[in-house]
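Enquirer: Residue 168 in UniProt numbering sits at position 168 of the sequence shown; the count goes up by one each step and never skips.
We treat Cβ as the ideally placed atom computed from N, Cα and C, and that holds for glycine.
Here the structure is a predicted model, which is why all the values come from computation and not from measurement.
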Amino acid sequence: MRANFREAVSLNNVRLRNKMLIVYFLSVLIPVVLTNVIFYNITTNNVKKQKLRDISLAMEQIRNDFKAQIDAAVGISSVIYNDAILNEYLETHYEVQSDYVLNYQSYIKDMLGKYSPVYQTIQQISVYTNNDTIIYGGQVRPITGQVRDLPWYRSLSASGQSNPVVLLTDSDYPGTSGWVLSVVRKITVGSSARWDKAMKIDMSPESVQALFRNITLQGDLYLLDGDQVQFTTNPDFERLGTAEYSSLPTPKGTIVMEEAFPNVSYLSSWRIVGHFKEADVLEEVYKSRNFVLYLAIPNVIMPTLIIIWFVRSLNARLIRILKHMKRVKNQSFETIEQQESKDEIGQLTAEFNRMTLQIKSLIHDVYMADIQKKELELKRNQSQLHALQSQINPHFLFNSLEAIRMRSLMKKEEETAKIIHNMAKIFRKSLEWGKDWVTVKDELDLAATFLEIQKYRFGDKLDFRIEADDSVLGLTLPKMTLQPLVENASIHGIEKMRGNGRIDVRIERERDELVCEIRDNGVGMDEEKIKRFYGYMEGKEAIGDRVGVQNVIYRLKLIFGDRFGLRVESAPGEGTSIILRIPIE
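Below is the structure:
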C-alpha cells in the first residue's frame, strides 16, 4: 500500500509540460509577490537616488556659489595686479612724504576701497610692501619680520610666482579676530621692481557662513584644502586650519559626498565634503520597505516548499546525467543504469546512452586513426626544423673573420687586421637586435669603428672627431641611430669632394633631451635634398625595406612620435650639419 502511494505521488512519469502547469497553479502567488517586491525595491532605489541627487545638487550649488565668491576676489586681485598706476605709486621712492599722501588720497585709497561696498563678500583689501618711504596706514601695510613669518606670506615666498593663492589666514580687520578665508597674491612686477609687494583680500566670514548654512538637508559640511579643514558647519568642531579631515571619525551609516573644483588652478586642492546620516535621509523609505518584506516572508516560504518537492523529481537524475557527461569529456564512455521512466528526463537518459555508444565507436574507428596521422605529420615537420637549425649560423662568419685577422697579425699586417676586427665588430652589432636600446657610449663606439674603416679607405683624406659629455655616456638611445648618419656624411659628403674631409660627432644634454650633431665639411646639399630630409619626418608610410637615414628617422618617429626633433643645415660646397633632439627615456 505504501509503495502504491509513493508511485501515485511520484512525478517521474509526468510530462514536463504538465509539471510546468503544476508549478504555475501551486506557485502563482509567488510571481505576484515577487513582482510587487521588485517594483517596490526599484521605487525605493529611485527615491534613494533622487534624495542623493538632491543632496548632490545642493552641494553643487554651494560649490558654485563659493567659487563665485572666490572668483570675484581673484578678479579683483587681477585688476590690482595689472594696475600700472598703483604699481608705479608703490614702487616710487618718496623723498617728500607729502607726495605719497597725495597719491594715496587721489588714487590708492579709492583703488583699494571701492570694491568692499560693491562686493559684500569682500571684507577688506590690504597691500603689503617694504617700501620704507611710504607712510603706512589705511589699507597699505609694511612687510615686517612678523609679516614675513606669517604662513600666508611664507606660502607666497615659497611659490616664487604671482598666481593667486586661496588659504585660511588670521584676520587683521579692525575690531575682528579669528580665521578668515583670503586670496593672497604677489604684485611684484618685473625684474626691475625695487620693493616686495603683496596683496591680501579677506573674505567676509559672515558671507561664507551664510553660504554653507543655507541648506535644508540635515548633515555636516566640511570645506577642505587638501586634508586641512578650513570651515565646517559641525557645531562640535572648533579647530580650523590645522585639523586633518582624515583623522575625523566617520560613523557607520554615514553618506559621504564630495564636490571638487575642476579646472580651477587656485582651488585645485580644495573640495567640499558632506556627511549625512543615512537613517535620517531615508527614514520613511526604510519603513515602507520593511513593511513589504514582512508581508513577503510567508508568501515565499510556502511556494519554496512546493518547489523543493517538485525539484526533487528532477535534480537527482539530472545530476547523474551531468556526471556521466563530464566522464565522457575525460574519455570514459559509461552508460547510465536506471529504471525506465516516461518523462523527458527518461527519454534524455536513453538518448544519452545511445549517443555515448556511438561516440565510443567513432573514436576508436576514426578519431584515433586521425590522431596517428597528425602525429606522423608533426614528427616530419620537427625533423625538417632540426635540419634547418643545423645550417650555418653567424658564429661561423665571426670565427672566419677572426681567423683572417689572426693570420694578418702573424704576417704583421696590423692595419689590415685592425680593419678586419672593426668589420667583425660592426657585423656583430648589426645582428645583435636582442635589445633595441643601447648606451650612448656603445653607439659612439660603433660610429668610431665605422669611421676607422672609412679612414682606412680614404687615408689622409678623412679625419674625424667624436665628443660627448661624461654625463651622457650612460644614457640610452635607440640602437643604430648615429651610424647611418655618419655613413651618409662619409659617402655622400666626403667621398665626392676633392680636398680633405672632416666629420665631427658631438652629443650633449640639454635639459631632458639628447642633442646629437653630425657635421661634415663635404659637398653639402641643395634645397631639394634638404626638403627630402624633412619629408621623412612628415611621411606616414611604413619603414618597409628602407635603409640608412630614412630608416633612422622612421624608427625615431615610431618610438617618440612628435617628441623628437630634426634640423638640417647645409648648402652646396659648405658641408652639412644634421642635429637630432632625442627625449631622454
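1) Closest by CA to Val-264, which one among Ser-171, Asp-71, Tyr-456 and Met-59?
2) With C-beta atoms as the reference, is Asn-521 less than 9 Å away from Arg-502?
3) How close, in whole Å, do the beta carbons of Val-140 and Thr-129 come, if the pair is a contact with beta carbons under 8 Å?
4) Exposed or buried, which one is Glu-443 when buried takes at least 16 other CB atoms within 10 Å?
5) Does DSSP put Pro-282 in a helix, a strand or coil?
6) Taking the straight line between their C-alpha atoms, what separation do you get for Asp-280 and Pro-235?
7) CB-CB under 7 Å to Thr-92, same chain, minus the five flanking residues each way: which ones, in chain order?
8) Excluding the 5 residues flanking His-386 on each side, which residues of the same chain have their C-beta closer than 8 Å to its C-beta?
9) With a cut-off of 8 Å, do at least 3 Cβ pairs link the stretch 505 to 517 to the stretch 577 to 584?
10) Going by DSSP, what residues sit across from Lys-197 in a beta bridge?
11) Within a Cβ cutoff of 6 Å, which residues of the same chain sit near Arg-465, ignoring the five residues on either side of it in sequence?
12) In the DSSP assignment, the alpha helix (DSSP H) including Leu-446 goes from what residue to what residue?
13) Using C-beta distances below 7 Å, list every residue in its chain close to Ser-77, excluding the 5 sequence neighbours before and after it, in chain order.
14) Excluding the five sequence neighbours on either side, which residues of its own chain have a C-beta within less than 6 Å of the C-beta of Leu-556, listed in chain order?
15) Taking only runs that begin and end inside the stretch 502 to 578, name each unbroken alpha helix (DSSP H) of 4 or more residues, in chain order.
16) Gly-274 by DSSP, collapsed to three states: which one?
17) Can the beta-carbon of residue 643 be found less than 9 Å from the beta-carbon of Val-523?
18) Using DSSP with H/G/I as helix, E/B as strand and the rest coil, what is Lys-323?
19) Determine the contact status of Ile-122 and Ala-68, defining contact as a CB-CB distance below 9 Å.
20) Would you report the Cα separation of Gln-61 and Tyr-107, rounded to the nearest angstrom?
21) I need the straight-line Cα distance from Gln-120 to Val-79, nearest angstrom please.
22) Would you decide whether Ala-489 is buried or exposed? Buried here means 16 or more other CB atoms lie within 10 Å of its CB.
23) Could you tell me if Ser-98 is buried or exposed, where buried requires 16 or more neighbouring beta carbons within 10 angstroms of its beta carbon?
24) Reducing DSSP to helix, strand and coil, say where Ala-210 ends up.
25) Which first and last residues belong to the alpha helix (DSSP H) in which Arg-148 is found?
26) Between which two residues does the beta strand (DSSP E) carrying Val-140 extend?
27) Considering only residues of the same chain and omitting the five flanking positions on each side of Ile-135, which have a CB-CB separation below 7 Å?
28) Reducing DSSP to helix, strand and coil, say where Lys-479 ends up.
29) Out of Lys-114, Arg-213 and Tyr-81, which has the shortest C-alpha to C-alpha gap to Arg-63?
30) For Met-59 and Asn-46, I'd like the C-alpha separation in whole angstroms.
31) Between the Cα of Glu-508 and the Cα atoms of Lys-529, Lys-531, Thr-476 and Asp-526, which residue gives the shortest distance?
32) Can you grab the Cα-Cα spacing for the pair Lys-114 / Lys-49, in whole Å?
33) Bridge partners for Ala-468 per DSSP, in chain order?
34) From Thr-35 to Ile-297, what does the alpha carbon distance come to, in whole angstroms?
35) Using a Cβ-Cβ cutoff of less than 7 Å, which residues in the same chain neighbour Phe-450 once the five nearest sequence positions on both sides are dropped?
Expert: Here's the rundown:
1) Asp-71
2) yes
3) At roughly 7 Å, the Cβ-Cβ gap stays under 8 Å, so Val-140 and Thr-129 are in contact.
4) buried
5) Reading off the sequence shown, one finds Leu at residue 282, where the question assumed Pro. Residue state for Leu-282 is assigned as coil, using DSSP reduced to three classes.
6) 18 Å
7) Apart from sequence neighbours up to five positions away, no residue of its chain approaches Thr-92 with a beta-carbon distance below 7 Å.
8) Note that His-386 scores 41 on pLDDT, short of 50, meaning its location in the model is unreliable; the coordinates nonetheless yield the value given after this. Correct list: empty, nothing qualifies.
9) yes
10) Thr-129
11) For Arg-465, where only same-chain residues beyond five positions count, the Cβ hits under 6 Å are Asp-504.
12) Per DSSP, Leu-446 is one residue of the alpha helix (DSSP H) stretching across 440 to 458.
13) Pro-164, Val-183, Arg-185, Met-199 and Ile-201
14) Phe-564
15) 527 to 538 and 548 to 560
16) strand
17) No answer is possible for residue 643: it lies beyond the span of the chain, which begins at 1 and ends at 585.
18) helix
19) Ala-68 is positioned such that its CB atom lies no closer than 9 Å to that of Ile-122.
20) 38 Å
21) 18 Å
22) The residue in question, Ala-489, is buried, as its Cβ has 16 or more Cβ neighbours within 10 Å.
23) exposed
24) helix
25) 145 to 148
26) If you look at Val-140, you'll find it in the beta strand (DSSP E) that goes 140 to 142.
27) For Ile-135, where only same-chain residues beyond five positions count, the Cβ hits under 7 Å are Gln-97, Tyr-100 and Val-101.
28) coil
29) Comparing Cα-Cα distances from Arg-63 to each of Lys-114, Arg-213 and Tyr-81, the minimum goes to Arg-213.
30) 20 Å
31) Thr-476
32) 46 Å
33) Ile-507
34) 14 Å
35) Ile-426, Gln-483, Val-486 and Glu-487
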